[in-house]
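J.: Below you'll find the structure I mean.
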Amino acid sequence: MESQIHAPIKRSIICLSIGAALANPALAQIPQSDIEDIVVWGTKVSSNTESIFADDMSLKQADHMSDLLRDIPGVDVGGTHSVNQRITIRGLGETELDIRLDGASQHANMFHHIGNLTLNPDILKSADIQVGNNSVTQSGLGGSVYFETKDARDLLRYDEDFGARIYGGYASNDNQQGSLTLYGLLSENVDAMVYGHYVTRDDFKDGDGNQTFGSEGDVYNILTKIGYQLGEVHRLEFSYDLYRDSGDYSPRPDMSGSANKGLSNDLLIPTNYDRDTFTLSYELNAEKHQGKVTLYNTETQIIRDESVMAAGRWHPNRLYENTAKNQNFGLNGKFQSDLAIAQLDNRMTYGFDYIDKTTASYYGASKYVEESTVSTAVFVEDQLFLTDSFSITAGLRYDDYKRKAVTATDNFDAVTWALATEWQIAQDWTLFASTRSLFKGPELLETFIAYQKVAFLDEGLRAETGQNTQGGIRFDKQVRAHSFGANLTVFQTDIDDYIADKPQGTPTTYLIYNLGDVEIKGFEASASYGYQNFNSKLSYSKSDTKNSLNGDPVAGGNGRSIDMGDSIALAFDYQSDSLDSVFGWTSIFVREEDNVFDGQPAKESYNVHNLYAQWVPSHIDGLSVTFGIDNVFDELYTSHASRSGTRFTTTFDDYEPGRSYKLSAAYQF
558 MESQIHAPIK RSIICLSIGA ALANPALAQI PQSDIEDIVV WGTKVSSNTE SIFADDMSLK
618 QADHMSDLLR DIPGVDVGGT HSVNQRITIR GLGETELDIR LDGASQHANM FHHIGNLTLN
678 PDILKSADIQ VGNNSVTQSG LGGSVYFETK DARDLLRYDE DFGARIYGGY ASNDNQQGSL
738 TLYGLLSENV DAMVYGHYVT RDDFKDGDGN QTFGSEGDVY NILTKIGYQL GEVHRLEFSY
798 DLYRDSGDYS PRPDMSGSAN KGLSNDLLIP TNYDRDTFTL SYELNAEKHQ GKVTLYNTET
858 QIIRDESVMA AGRWHPNRLY ENTAKNQNFG LNGKFQSDLA IAQLDNRMTY GFDYIDKTTA
918 SYYGASKYVE ESTVSTAVFV EDQLFLTDSF SITAGLRYDD YKRKAVTATD NFDAVTWALA
978 TEWQIAQDWT LFASTRSLFK GPELLETFIA YQKVAFLDEG LRAETGQNTQ GGIRFDKQVR
1038 AHSFGANLTV FQTDIDDYIA DKPQGTPTTY LIYNLGDVEI KGFEASASYG YQNFNSKLSY
1098 SKSDTKNSLN GDPVAGGNGR SIDMGDSIAL AFDYQSDSLD SVFGWTSIFV REEDNVFDGQ
1158 PAKESYNVHN LYAQWVPSHI DGLSVTFGID NVFDELYTSH ASRSGTRFTT TFDDYEPGRS
1218 YKLSAAYQF
């Protein structure tokens, strides 16, 4: 169901650094003298909607997930605060997506004013994005994002046994960050890595020069990994990932500073947002069989001392130090085998996924509730190559979902299927199409809210089901020093019995109910051109959502329409071998979105532009210096995936930072 178009790799120092970081097989063809000069860092971001397969995201000097993913067609990241990173795909948010970090599920539904993700973009080795659910190997309604972090063998350069990397960065609006990484071989078969990263943030200024409020704080991340190679094809790896975010933060971090001041004056809440993830994995990498099994436990916790909030401005039952916890314990496995059956080549993908999710909340010293869900799935999928240029893929998946809430225990299960085809109609042209039936059970009520004891499933509530169908064409051609690429994907996603929740009555209770059927349709298109050391990319994505019954907008968790305006992304870069440098420019243009609820303003159009330059001197092995300007023209804007709109004469828009000058340096030795 998934296909990859590989862009040609150029033999410049910059591109070689990406390849080494990803253990790219193309390195086998690179001359030994070039390998010795490689600087190893960077993140590969791949997507099924891109005409270029990978980019070096280290050039963006990311300190928020929006820096990494926002220009991928069909993808956006809402939020500006460190505790508010929200990935959306075609308008569907985190709880509708399958998001993993080193195989560990990051699924959570913590608090509507705070995001569910605690991820550090700096240490990421790759981000594999599937826009839309096109395969039975995925569980999300809207698609998946699989993050993978680096390990020691990714970082070791040619003929090294040990190494280190020191990094420091400064952004004028307004943060500083640094990291130290130690890695090496403890023996021929055992490798280890220790990574520490620190970010300190002040209150940034938006495009109008207004300083925000309540975002000043500190984030640090420590990742340790130990790997053991059992011969050439087997590997065991243990990792511990610790993430801490703390500061005196605004009561509603998904809103602008002015909105928080209007609602709560200058009050700030001491906040800690923590994550601890343990993983133990086994990886098989043989010639005809590959796969991975991961056992994990990840705990996410929010602690907010809401006793500082004045009576009358906050719920009286919350004037304590309050805690919300989310624990995901899971085991998953996914394998791929290349087989010959009846003299036809087959690529069989098969596996399982088990997640036991437990949520708990505490108000003051008292435990309020504990709830859980248990999901189990098995799947198998076979890609049958009828000819060298034509294949058909079919898959089946069984899901069992048990929701154990305070008010009731309910079970949901389903068998879903997928069917796809891919046909290389000419050497450079490929047609593709897929359809996938969908299933998702009802979420638990968000953890950091004291209404679980009065939250009820509507009588006869049905699980979300539906169908995602998409198709398109890819083009990839190399003509001497010229490279051309293009991708067009047209899709329609129908979600039957879309689930929503709403407060009702006095005293307040919550009803979880089927809103109706939802239709999402649109397209993603991208094109790329490269000549020698010059590369360019242009993309356009469009997604329209409506309630199939009445044509109304569909509300997200914050009550706003989940629709986002059409997005255009443009990128250029040039690699100067004589200057040992790469120079680049990116632009994003987002059109106005007027499919909003009555009485609410449209989501305004905006355009934002960034530039960057990176110097990797060939005469100083291991050094890189990166300069960038984010939001070059100081645009005042709000991402359509962020909080916006008005209520009680207050504008909630979570304005993005204005112009920021960035400078960073790294030395690897």
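Sequential numbering from 558 applies to the sequence shown in my numbering. We treat Cβ as the ideally placed atom computed from N, Cα and C, and that holds for glycine.
In the structure shown, what three-state DSSP assignment does R875 receive?
T.: Along the sequence shown, read from residue 1 onward, the residue named residue 875 stands at position 318. Three-state DSSP puts R875 in a helix.
J.: When the distance is taken between beta carbons, is A1020 closer than 8 Å to F1032?
T.: Here residue 1032 refers to the residue found at position 475 of the sequence shown. Here residue 1020 refers to the residue found at position 463 of the sequence shown. No, the pair does not count as a contact, with Cβ atoms beyond the cut-off.
J.: What is the rounded straight-line gap between the Cα of Y955 and the Cα of A728?
T.: What you label residue 955 is simply residue 398 of the sequence shown in a count that begins at 1. What you label residue 728 is simply residue 171 of the sequence shown in a count that begins at 1. Rounded to the nearest angstrom, the two C-alpha atoms are 48 Å apart.
J.: Return helix, strand or coil for M622, following the three-state DSSP convention.
T.: Within the sequence shown, numbered from 1, the residue matching residue 622 stands at position 65. In this structure, M622 counts as helix in the three-state DSSP scheme.
J.: My output table needs one value for R657: the three-state DSSP class, helix, strand or coil.
T.: As a position in the sequence shown, residue 657 is number 100, starting the count at 1. If DSSP states are grouped into helix, strand and coil, R657 belongs with the strands.
J.: Can you give the Cα-Cα distance for S1093 and A1198, rounded to whole angstroms?
T.: By one-based count along the sequence shown, residue 1093 stands at place 536. By one-based count along the sequence shown, residue 1198 stands at place 641. Those two C-alpha atoms are separated by around 26 Å.
J.: Compute the Euclidean distance between the alpha carbons of G1108 and Y958, then round it to the nearest angstrom.
T.: Your numbering for residue 1108 matches position 551 in the sequence shown. Your numbering for residue 958 matches position 401 in the sequence shown. Roughly 31 Å between the two C-alpha positions.
J.: In the DSSP assignment, find the beta strand (DSSP E) that holds A1126 and state where it starts and stops.
T.: Taking the first residue of the sequence shown as position 1, residue 1126 is located at position 569. Segment 1124-1133, the beta strand (DSSP E) holding A1126.
J.: Residue ranges of each beta strand (DSSP E) run of no fewer than 3 residues wholly in the region 874-953, ordered along the chain?
T.: Entirely contained in the region 874-953, the beta strand (DSSP E) runs reaching 3 residues are, in chain order, 878-898, 901-920, 923-942.
J.: Tell me which residue opens and which closes the beta strand (DSSP E) that K1103 is part of.
T.: Sequence index remark: in the sequence shown, residue 1103 carries index 546 (1-based). 1091-1104 is the extent of the beta strand (DSSP E) around K1103.
J.: What does DSSP give as the partner residue(s) for Q1049 in the beta ladder?
T.: Counting from 1 along the sequence shown, the entry for residue 1049 is found at position 492. BP columns for Q1049 point to T1026, K1078.
J.: Compute the Euclidean distance between the alpha carbons of R960 and N746, then round it to the nearest angstrom.
T.: By one-based count along the sequence shown, residue 960 stands at place 403. By one-based count along the sequence shown, residue 746 stands at place 189. Between R960 and N746, the C-alpha separation is close to 43 Å.
J.: Is it a yes or a no for the region 768-783 touching the region 807-823, going by three-plus beta-carbon pairs under 8 Å?
T.: Yes, the region 768-783 touches the region 807-823.
J.: Quick one: is the Cβ of N822 within less than 7 Å of any heavy atom of the ligand PLP?
T.: Among the ligands in the structure shown, none appear at all, so the ligand PLP cannot be discussed.
J.: For the alpha helix (DSSP H) holding D1227, just list the boundary residues, first then last.
T.: The shown model of the chain, from 558 to 1226, leaves out residue 1227, and the question about it has no answer.
J.: Suppose the cutoff is 8 Å on Cβ atoms and the five residues either side in sequence are ignored; what does the same chain contact list for A580 look like?
T.: In the sequence shown, the residue the question calls residue 580 occupies position 23. Note on A580: pLDDT 37, under 50, position unreliable in the model; the coordinate value appears next. So the qualifying residues of the chain are R710, D711.
J.: Could you pull the start and end residues of the alpha helix (DSSP H) that L712 belongs to?
T.: Start at 1 with the first residue of the sequence shown, and residue 712 comes out as number 155. Note, L712: alpha helix (DSSP H), 709-712.
J.: Look at Y800 and D831 and say whether their C-beta atoms are less than 8 Å apart.
T.: To locate residue 800, count along the sequence shown from 1; it is residue 243. To locate residue 831, count along the sequence shown from 1; it is residue 274. Cβ atoms of Y800 and D831: closer than 8 Å.
J.: Counting Cβ pairs, one atom from each stretch, are 3 or more of them under 8 Å apart for the region 887-901 and the region 973-984?
T.: Taking 8 Å as the limit for Cβ pairs, the verdict is that the region 973-984 does not touch the region 887-901.
J.: Specify, as a first and last residue, the run of the alpha helix (DSSP H) that A816 falls within.
T.: Stepping through the sequence shown from its first residue, residue 816 is reached at position 259. Element bounds for A816: 814-821.
J.: With 16 as the cutoff for other CB atoms within 10 Å, does R647 come out buried or exposed?
T.: For this step, residue 647 is matched to residue 90 along the sequence shown. The residue in question, R647, is buried, as its Cβ has 16 or more Cβ neighbours within 10 Å.
J.: Going by C-alpha distance, which of I629, I680, H638 is nearest L658?
T.: Looking up residue 658 in the sequence shown gives position 101. Per the Cα distances, I680.
J.: Determine the closest residue to G814 out of Y1070, T915, K762, with distance taken between C-alpha atoms.
T.: Against the sequence shown, residue 814 aligns to sequence position 257. Closest by alpha carbon: K762.
J.: At 3 residues or longer, what runs of the beta strand (DSSP E) sit wholly inside the region 982-1036?
T.: Taking only runs of at least 3 residues, the beta strand (DSSP E) segments lying wholly in the region 982-1036 are 986-997, 1012-1014, 1021-1036.
J.: Any contact of the region 1169-1178 with the region 738-757, i.e. 3+ C-beta pairs under 8 Å?
T.: In short, these stretches do not touch, since the Cβ pair count stays below three.
J.: Applying the criterion that 16 or more other CB atoms from any shown protein chain within 10 Å of the CB defines a buried residue, is L626 buried or exposed?
T.: Residue numbering aside, residue 626 sits at position 69 when the sequence shown is read from its first letter. By the 10 Å Cβ count, L626 comes out buried.
J.: Between the C-alpha atoms of L824 and S623, what's the straight-line distance to the nearest angstrom?
T.: As a position in the sequence shown, residue 824 is number 267, starting the count at 1. As a position in the sequence shown, residue 623 is number 66, starting the count at 1. Cα-Cα distance, rounded: 27 Å.
J.: Looking only at DSSP bridge pairs, what is V602 linked to?
T.: Numbered from 1 along the sequence shown, position 45 holds the residue referred to as residue 602. Looking at the DSSP assignment, V602 forms a beta bridge with A684.
J.: Note down, in chain order, each residue of its chain lying with its Cβ closer than 6 Å to the Cβ of Q884, except the 5 sequence neighbours on either side.
T.: By 1-based counting over the sequence shown, the position of residue 884 is 327. Once the five neighbours on either side are set aside, the close Cβ partners of Q884 are E856, T915.
J.: Which runs of the beta strand (DSSP E), 3 residues or longer, sit entirely within the region 1149-1207?
T.: Counting whole runs of 3 or more residues, the region 1149-1207 contains the beta strand (DSSP E) stretches 1163-1172, 1180-1187.
J.: CA-CA distance, V1011 and V963?
T.: Locating residue 1011 in the sequence shown gives position 454, counting from the first residue. Locating residue 963 in the sequence shown gives position 406, counting from the first residue. Roughly 9 Å between the two C-alpha positions.
J.: Considering only the alpha carbon of each residue, which of E928, V926, F936, K924 lies closest to G908?
T.: The count along the sequence shown starts at 1 and reaches residue 908 at position 351. For the residues E928, V926, F936, K924, the minimum Cα distance to G908 belongs to F936.
J.: Please work out which residues of its chain come closer than 7 Å, Cβ to Cβ, to F1091, disregarding the five sequence neighbours upstream and downstream, and give them in chain order.
T.: Along the sequence shown, read from residue 1 onward, the residue named residue 1091 stands at position 534. Counting only Cβ-Cβ distances below 7 Å, and skipping sequence neighbours, we find Y1131.
J.: Output the distance between the C-alpha atoms of V1047 and S1196, rounded to the nearest integer angstrom.
T.: Against the sequence shown, residue 1047 aligns to sequence position 490. Against the sequence shown, residue 1196 aligns to sequence position 639. One C-alpha to the other measures close to 24 Å.
J.: Please confirm whether S683 and E705 have their CB atoms less than 8 Å apart.
T.: Start at 1 with the first residue of the sequence shown, and residue 683 comes out as number 126. Start at 1 with the first residue of the sequence shown, and residue 705 comes out as number 148. A contact, by the Cβ cut-off of 8 Å.
J.: Return helix, strand or coil for A577, following the three-state DSSP convention.
T.: Position 20 of the sequence shown, counted from the start, is the residue given in the question as residue 577. Legend: pLDDT at A577 = 37, less than 50; position of this residue unreliable, value from coordinates given subsequently. DSSP places A577 in helix when its eight states are reduced to three.
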